[in-house]
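Taking the numbering used here, I'd label the letters of the sequence shown as residues 15 to 334.
All C-beta atoms in this analysis are idealised placements derived from N, C-alpha and C, irrespective of residue type, glycine included.
A quick note: this is a predicted structure, and the numbers were derived from the prediction, not measured.
What follows is one structure encoded as structure tokens, with my remarks underneath.
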Amino acid sequence: MSQINLSAMPALAAMPGGRAHRGFETLPPLGTLSTRRYAHIDPRPIVPALGAEVAGIDLRQPGAAAQAELRDLLAERKVLVFRDQDLSPHQYADFLRIFGTPVKEDMVVDHNHPPEVGAIHTQPNEQQQINFWHMDHSFRELPTRVLSLYAKLLPPVGGDTLFASLAAAYDALSDELKEQIEFLHCAHRVTRTQNTKRRYSEEEAEAMENAPPFVHPLVPRDPGNGRRYLFVNVPIYCRGIVEQPTAEGDALLRKLYRHVQRPEFHFRLTWRVNTVVVWENSHTLHYPVSDYFPHERKLWRGVIDATESDRPVAASLARA
Ligand SMILES: [Fe+2]
Numbered sequence: 015m016s017q018i019n020l021s022a023m024p025a026l027a028a029m030p031g032g033r034a035h036r037g038f039e040t041l042p043p044l045g046t047l048s049t050r051r052y053a054h055i056d057p058r059p060i061v062p063a064l065g066a067e068v069a070g071i072d073l074r075q076p077g078a079a080a081q082a083e084l085r086d087l088l089a090e091r092k093v094l095v096f097r098d099q100d101l102s103p104h105q106y107a108d109f110l111r112i113f114g115t116p117v118k119e120d121m122v123v124d125h126n127h128p129p130e131v132g133a134i135h136t137q138p139n140e141q142q143q144i145n146f147w148h149m150d151h152s153f154r155e156l157p158t159r160v161l162s163l164y165a166k167l168l169p170p171v172g173g174d175t176l177f178a179s180l181a182a183a184y185d186a187l188s189d190e191l192k193e194q195i196e197f198l199h200c201a202h203r204v205t206r207t208q209n210t211k212r213r214y215s216e217e218e219a220e221a222m223e224n225a226p227p228f229v230h231p232l233v234p235r236d237p238g239n240g241r242r243y244l245f246v247n248v249p250i251y252c253r254g255i256v257e258q259p260t261a262e263g264d265a266l267l268r269k270l271y272r273h274v275q276r277p278e279f280h281f282r283l284t285w286r287v288n289t290v291v292v293w294e295n296s297h298t299l300h301y302p303v304s305d306y307f308p309h310e311r312k313l314w315r316g317v318i319d320a321t322e323s324d325r326p327v328a329a330s331l332a333r334a
């Protein structure tokens, strides 16, 4: 019987550069999950970094106390998932009002829908092309904080959506990098995507593309929980660091964008028909997986109008 000769194995310390390779860099502890008790809903964390699956509530008739708990839970967990909810278009619009004022975004709305209930509709034989990590609307002066989707028509398998926590991503940066980026700002500008045609007229899209970029702090503080988060988006929206030369700023943004994509900061949602999701768009990134061609998929979509309190404020200026 042969034996493995351990002394002949390369030592960990002999890795190039003198560093022991133990996988990716270690992450700091994520902290304990909230022990807050919710009396009117039954939330379960999905992964430590973010997400809660919420049971014990019928979204057709949430009472005032349950609504207040949902707002608190959203601020705490950033993505809320509700299964098996049977809502009419008007009941879905009423649900959206728990989180603010829903607004019309889509140019064409289904004939029986209130204007504020749009849809992400991938037609049969149409390839869904927004398959990259991003947040919506970072290129607006007031980026949309709350978005929602409601699954109505799904492919037999596939079409998942991933969500990533920008606060967990920030926490995991080295102290050196945190110091380096604390006072930086990023220029955000719209790019036309597959969804632009559906949501805006040709003139609107052109005006948005030609408008000057909006500048947002790279490290804002979340007024909902006091935590810093990394306000980065996909490079097609996140166009440069204001305080740095182009090449240097772009390299930093690419590095941060790659960092956010680590699986430790995200979870993958598998939709079922009648799953409702509401999430803090400007505190997370999402990735719609485009793996279900040539099947059809339709999700109703709600957008909560951003208010002044949703403006990203630099952590260095915001009160803790
Ligand atoms: Fe999106």
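- Unbroken beta strand (DSSP E) runs of no fewer than 3 residues, entirely contained in the stretch 101-150, are found at 132-136, following chain order.
- Residue 232 and residue 253 have their C-alpha atoms some 12 angstroms from each other.
- At a Cβ-Cβ threshold of 8 angstroms, residue 230 and residue 273 do not count as neighbours.
- With contact defined as three or more Cβ pairs closer than 8 angstroms, the stretch 55-73 and the stretch 93-108 are in contact.
- Setting aside the 5 residues that flank it on each side, residue 69 is surrounded in the same chain by 56, each with a C-beta closer than 6 angstroms to its C-beta; the list follows chain order.
- Shown here, residue 184 sits in a helix according to DSSP, grouped into three states.
- Remark: the shortest separation between the CB of residue 297 and any heavy atom of ligand 1 does not fall under 7 angstroms.
- When DSSP states are grouped into helix, strand and coil, residue 260 belongs to the helix group.
- A distance of 8 angstroms or more separates the beta carbons of residue 148 and residue 157.
- Residue 212 and residue 60 have their alpha carbons spaced roughly 32 angstroms apart.
- With a cutoff of 7 angstroms, residue 318 does not count as near ligand 1, since its C-beta is closer than that to no heavy atom of the ligand.
- Burial check for residue 120: the Cβ neighbour count within 10 Å reaches 16 or more, so the residue is buried.
- In this structure, ligand 1 has a non-hydrogen atom nearer than 7 angstroms to the beta-carbon of residue 150.
- Distance from the CA atom of residue 78 to the CA atom of residue 271, rounded to whole angstroms, is 39 angstroms.
- Listed in chain order, the alpha helix (DSSP H) runs fully inside the stretch 191-226 are 210-213 and 216-224, counting runs of at least 4 residues.
- Assigned with DSSP and collapsed to three states, residue 56 falls in strand.
- Taking 8 angstroms as the cut-off, the Cβ atoms of residue 135 and residue 312 count as close.
- In this structure, residue 280 has its beta carbon at no less than 7 angstroms from each heavy atom of ligand 1.
- Taking the Cβ of residue 300 as the reference point, at least one heavy atom of ligand 1 falls within a distance shorter than 7 angstroms.
- For the set 165, 187 and 122, the Cα lying nearest the Cα of residue 276 is the one of 187.
- Here residue 104 has 128 as same chain residues with Cβ atoms under 7 angstroms from its own Cβ, once five neighbours each way along the sequence are excluded.
- Distance from the CA of residue 330 to the CA of residue 267, rounded to the nearest whole angstrom, comes to 20 angstroms.
- In the three-state reduction of the DSSP assignment, residue 179 falls in the strand class, which pools E and B.
- Annotation for residue 73: no beta strand (DSSP E) segment contains it, and DSSP assigns it neither H nor E.
- Of the heavy atoms belonging to ligand 1, at least one sits nearer than 7 angstroms to the Cβ of residue 144.
- At the C-beta level, residue 207 and residue 144 come within 8 angstroms of one another.
- Proximity to residue 223 across 234, 235 and 210 peaks at 210, based on C-alpha coordinates.
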